[in-house]
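> From first to last, the protein sequence lines stand for chains A and B. When we follow the numbering used here, the leftmost residue of the first sequence carries the number 555, and every step to the right adds one. When we follow the numbering used here, the leftmost residue of the second sequence carries the number 30, and every step to the right adds one. Ideal Cβ placement from N, Cα and C applies to all residues, glycine included. Computed from a predicted model, the values in this text were never measured in an experiment.
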Amino acid sequence: MDRNHLVNLLSQCLPRESILTNPEDVKPFETDGLSAYKQLPWIVVLPTEESQVQAILRVCHQNKVPVVARGSGTGLSGGALPHEQGVLLSLSKFTKIINIDVLSRTAVVQPGVRNLAVSEAAAPLGLYYAPDPSSQIACSIGGNVAENSGGVHCLKYGLTVHNLLKVRIVSIEGDILELGGDSLDAAGYDLLALVTGSEGLLGVVTEVTVKLLPKPQLAKAILAAFDDVEKASSAVANIIAAGIIPAGLEMMDGPATRAAEAFVHANYPVDAEAVLICESDGTPDEVADEMDRMKAILESSGALELRYSQDEAQRLKFWAGRKAAFPAVGRLSPDYYCIDGTIPRKTLGYVLKRIYELGEEYGLEVANVFHAGDGNLHPLILFDAAKEGEFERTEAYAGKILELCVEVGGTITGEHGVGVEKINQMCSQFDDPTLACFHGVKACFDEDGLLNPGKLIPTLHRCAELGKMHVHHNQLPHPHLPRF
Amino acid sequence: MNSIEHISDFVKECSSHNRTIKISGSGSKSFWVDSHADQLLNMQDYAGVIDYEPSELVMTVKAGTLLTDVNRILEKEGQVLAFEPPTFGGEGTIGGMVASGLSGPRRAYAGSVRDYVLGIRLIDGIGQDLHFGGKVIKNVAGFDVSRLMAGALGSLGVITEVSLKVMPKPQYEKTLRLSMNESQAIHFMNQAASKPLPLSATSFYQGELRIRLSGAEVAVRAASKELGGETLENADQWWQSLQNQTASCFDLTKPLWRLSVKSTAQPLGLSGQCLIEWGGAQRWINSEHTPSQIFKVAQEALGHAQLFRQGNPAQPLGSPLATSLIPIHQRLKKNFDPKGIFNPGLPGNF
């Protein structure tokens, strides 16, 4: 396909100025939040209307041109990495909040609306949108649907898939499909669930109806210090076993705690080997009751020190260090690698011990931050890409960690997605018949494989490398965004 | 069939001879859906808990396990299936629970079956043993095929094992009753849900709104003061009788329609008494209206309808799918079950 010819065809779909081809114009789209992967887009289109999206996809379908949809480009697995001979379809102009219905507690929004903007718009009504990925000030709802984004509150409030009612997608043929509905379930197969987290492989999201929740009256947090990660880990199990589902339950190991403290001065106990942050929300009485119960459990589980947020400012301070853990660790070393495995919580002690042991074998340091409530572990491997062989050693180490996650019954990605980054690790998690079935599902929506090709599902002969998030000299894209 | 190998061999055998299979658990929902096929695959022998660690909030169980057994095991640890699936006569199986996608009174406040499905092991139409999702709460590797199986009525494969997220049993519960008319009740239920109150079930029938509150005792007491009304005694009985349709408001001898609509939809105006659940989003009605009349009403209320009782279970009746979605349904069916051997006639609307 000749690029000029395609541009001419696309010019019939949307204004010429909404089609970018000059290298300086398309460069901002060459990478997403995972900057280790870069590809200058061939053509970028910036539609403003759903009908334009339909027309663009029809042109691409007829001419067998790959299409990569992109929201805010904050994803951490290269899911929005452009295709060298494809169209990058940016939804960034779809920024309208179409409707907020207070009585039915729903918001209808365009895909380019920022996650936090939904909660901000709903706040005067006493409502909010629960999923809160760390990039929520920038990431878009369309991207959240594509990635099934979580956040620090998802143990209690669920992931994106639990907080959607309906999405409109445009198929590669240019047809509009409405999945889900205004009711709590819809006729036929649950295509809404299937499309959520499908990383742009099944259709392009053009409208999303989300559920809103009443904002809890109060939130408070406890910060607990332990001299041993195993004890902190048992404390987490004991809290859950006591029938408490905290609004947030986060852990940092010693190295992560010390790095965070050095960075944000949140007054963390730097001699601790593990720190837990437990958050409770609800009515003031409910919070007081839950805080008392958690306090007793933390004490009996061997916490050395407990601190309670006295006001909102202090609660946010407790979180500040945790939320700044990625850049804080990044200050310790020229480069770091982020891993996103999920493990059964009971294996945390074993997994951390193995991570430290493997670190010694590979001669690399690691800091761990952990969404303890739902078992999502982010080991951050410190390395220096300038030293010969260190990057390769890091990759090998990261690979071992992911294998370890699968070995203990977990998964290679809890929330960052597969994208291009972990495509090879999919082979260690799924067998060939299951992967073939995924390809079959893809073909049900997109027979020619034009939507975001090369992401999420590996071809069957491709099983080699291991996943990583490579951050050079602490230069995360969107450095202003918290990453946790 | 008490092993994956047996089930897989059976499916392969049927597939190679083009024989259709009815996948069956205990048959507790056969009043609603009941496929006619050449062969019966009874899953009840493939039963038992594979893995359950209460502090992980995850249970992995074989599909033939009785729901009542699961509930009992969870109860011992102070946990529950938060979506309160119906047990219809105490016989439902976990496989049937997932395949039917039915949830009980708590659904509007805690989520549905599909929201709690974490992983599924499935035998597809050519006998392959496939694994989707996993045993952990957060997992975004691959397409979410596990949740696709919830409500697919076994048309895409034999569910053999399921991993479910389980939740702590609420500390304290209380049900309130308030008198009002139907449109007031719909408004009340929706308005209550927009406040930070621990709602866990709502119903309206014959002028009485009932609201269950669940959670910390202090929060339940505060909320009950705010909402007003009287306390309903023996409330568990009421919610269980809705969950399993043993309440006298269900006339099991007449056609019973389930309408899943927008929660704020006005009274539907159909003849017959309407029972409202799920904060307004689920409405049951014993009605002699024609299916097309019911479907029209459901569509106007921004939802869909299913004939739940006294229809033809071999061809369950439900609102037609949007024509734009039919090809995808057909292709998905073909992807998982290329020869169309599983549960012929189901789901029935494409």
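1) Looking at the unbroken beta strand (DSSP E) that takes in A:Phe-937, where does it start and where does it end?
2) With distances taken between CB atoms, is the gap from A:Lys-900 to B:Ser-84 smaller than 8 Å?
3) Pairs of beta-carbons, one from the segment 132 to 145 of chain B and one from the segment 161 to 180 of chain B, closer than 8 Å: are there three or more?
4) Assuming the contact rule is C-beta atoms closer than 8 Å, B:His-327 and B:His-333 should be a hit. Round their C-beta distance to whole Å, please.
5) What in chain A is Cβ-close to B:Trp-307, meaning under 7 Å?
6) Please compile the residues from chain A whose C-beta is within a distance smaller than 8 Å of the C-beta of B:Ser-253.
7) What first and last residue would you give for the alpha helix (DSSP H) that runs through A:Val-824?
8) Using a C-beta cutoff of 8 Å, does A:Cys-567 count as contacting chain B?
9) Please name the residue or residues paired with B:Phe-371 in a DSSP beta bridge.
10) For a contact defined as C-beta to C-beta under 9 Å, what are the partners of A:Val-715 on chain E?
11) Can you name, in chain order, every residue of its own chain whose Cβ lies under 6 Å from the Cβ of A:Val-923, other than the five neighbours on each side?
12) In the DSSP assignment, find the unbroken alpha helix (DSSP H) run with B:Leu-96 in it and report its ends.
13) For A:Arg-570, count neighbouring C-beta atoms within 10 Å of its own C-beta (all shown protein chains included) and say buried if the count is 16 or more, exposed if not.
14) Under 9 Å Cβ-Cβ, which residues of chain B neighbour A:Ala-676?
15) Given a limit of 8 Å on CB to CB distance, which residues of the segment 946 to 975 of chain A reach chain B?
16) Within this structure, are the beta carbons of A:Glu-1063 and B:Ala-245 separated by less than 8 Å?
17) In three-state DSSP terms, what is B:Val-127?
18) So for A:Ile-966, helix, strand or coil by DSSP?
19) Between the Cα of B:Gln-344 and those of B:Val-40, B:Ser-59, B:Gln-108, spot the shortest distance and give me the residue it belongs to.
20) Nearest by alpha-carbon distance to A:Asn-669: which of A:Ile-654, A:Gly-696, A:Pro-678, A:Val-656 is it?
21) Using three-state DSSP, classify A:Asp-807 as helix, strand or coil.
22) Please list the residues of the segment 275 to 302 of chain B that have a C-beta atom closer than 8 Å to any C-beta atom in chain A, keeping them in chain order.
23) If you follow the alpha helix (DSSP H) that B:Gly-121 is part of, which residue opens it and which one closes it?
24) For the segment 678 to 689 of chain A, which residues have a CB atom closer than 9 Å to at least one CB atom of chain B, in sequence order?
25) Which chain B residues sit within Cβ distance under 8 Å of A:Arg-899?
26) Show which residues of chain B have a CB atom less than 7 Å away from the CB atom of A:Tyr-743.
27) For the segment 849 to 882 of chain A, enumerate the residues whose C-beta is nearer than 9 Å to any C-beta of chain B, in chain order.
28) Skipping 5 residues on each side, what residues in its chain have a beta carbon closer than 6 Å to that of A:Asp-986?
29) Helix, strand or coil for A:Thr-660? Go by DSSP, reduced to three states.
30) Give the secondary structure of A:Val-759 by DSSP, where H, G and I count as helix, E and B as strand, and everything else as coil.
31) How about the segment 713 to 720 of chain A and the segment 730 to 737 of chain A: do they share at least three Cβ pairs that are nearer than 8 Å?
32) Show which residues of chain A have a CB atom less than 8 Å away from the CB atom of B:Asn-364.
33) Going along the chain, which residues of its own chain have a beta-carbon closer than 7 Å to the beta-carbon of A:Gln-983, five neighbours each way excluded?
34) Going along the segment 689 to 702 of chain A in order, which residues come within less than 7 Å of chain B, judged by CB to CB distance?
35) DSSP has B:Ala-248 in a bridge; who is on the other side?
36) Residues in the same chain with beta-carbon distance under 8 Å from A:Val-962, minus the five sequence neighbours each way, listed in chain order, please.
By the coordinates alone:
1) Looking at the DSSP string, the run of the beta strand (DSSP E) that includes A:Phe-937 is 930 to 937.
2) Cβ atoms of A:Lys-900 and B:Ser-84: closer than 8 Å.
3) As far as the Cβ criterion goes, the segment 132 to 145 of chain B touches the segment 161 to 180 of chain B, which means the pair count is three or higher.
4) The sequence given here places Ala at residue 327 of chain B; His does not occur at that position. Between B:Ala-327 and B:His-333 a beta carbon distance of about 5 Å is seen, short of the 8 Å cut, so the two are scored as contacting.
5) Going along chain A in sequence order, the residues near B:Trp-307 (Cβ under 7 Å) are Leu-738.
6) Residues of chain A whose Cβ lies closer than 8 Å to the Cβ of B:Ser-253 do not exist; the shortest such Cβ separation is about 12 Å.
7) Annotation: A:Val-824 is outside any alpha helix (DSSP H) and is labelled neither H nor E by DSSP.
8) Judged by the 8 Å Cβ criterion, A:Cys-567 is not in contact with chain B.
9) Per DSSP, B:Ile-50.
10) Of the protein chains in this structure, namely A and B, none is chain E.
11) Taken in chain order, the residues that qualify are Met-806, Ala-810, Ala-879, His-932.
12) Counting along the chain, the alpha helix (DSSP H) containing B:Leu-96 begins and ends at 96 to 105.
13) The residue is exposed, with fewer than 16 neighbouring Cβ atoms inside 10 Å.
14) Result: empty, since nearest Cβ-Cβ is about 10 Å, beyond 9 Å.
15) If the cut-off is 8 Å between Cβ atoms, the segment 946 to 975 of chain A has Gly-963, Gly-964, Thr-965, Ile-966, Thr-967, Gly-968, Glu-969, His-970, Gly-971, Val-972 near chain B.
16) A question about residue 1063 of chain A goes unanswered here, because the residues of chain A that appear run from 555 up to 1038.
17) Here B:Val-127 sits in helix by DSSP.
18) Looking at A:Ile-966 - three-state DSSP - the assignment turns out to be coil, as it is neither helix nor strand.
19) The candidate whose alpha carbon is nearest that of B:Gln-344 is B:Ser-59.
20) Ranking the options by Cα distance to A:Asn-669, first place goes to A:Gly-696.
21) Strand, per DSSP.
22) For the segment 275 to 302 of chain B, which is checked against every Cβ of chain A, the residues closer than 8 Å are Ser-289, Val-290, Lys-291, Ser-292, Thr-293.
23) Premise fails: B:Gly-121 is in no alpha helix (DSSP H) and is neither H nor E.
24) Along the segment 678 to 689 of chain A, going in chain order, the ones with a CB nearer than 9 Å to a CB of chain B are Leu-679, Gly-680, Leu-681.
25) What A:Arg-899 touches in chain B: Ser-84, Glu-85.
26) Neighbourhood of A:Tyr-743 in chain B, by CB distance below 7 Å: Leu-177, Ala-181, His-358, Leu-361, in chain order.
27) Residues passing the 9 Å Cβ filter: none.
28) By the criterion of a C-beta distance shorter than 6 Å, A:Asp-986 is surrounded in its chain by Leu-1014, once the five residues flanking it on both sides are discounted.
29) Three-state result, A:Thr-660: strand.
30) Three-state DSSP puts A:Val-759 in a strand.
31) They touch, by the three-pair rule.
32) Contact of B:Asn-364 with chain A by beta-carbon distance below 8 Å involves Cys-991, Gly-994, Val-995, Ala-997, Cys-998.
33) Closer than 7 Å at Cβ, skipping near neighbours: Val-960, Thr-965, Ile-966.
34) Within the segment 689 to 702 of chain A, Glu-701, Asn-702 place their CB atoms closer than 7 Å to a CB of chain B, listed in sequence order.
35) None, per the DSSP bridge assignment.
36) Around A:Val-962: Ile-897, Pro-898, Thr-901, Tyr-904, Val-905.
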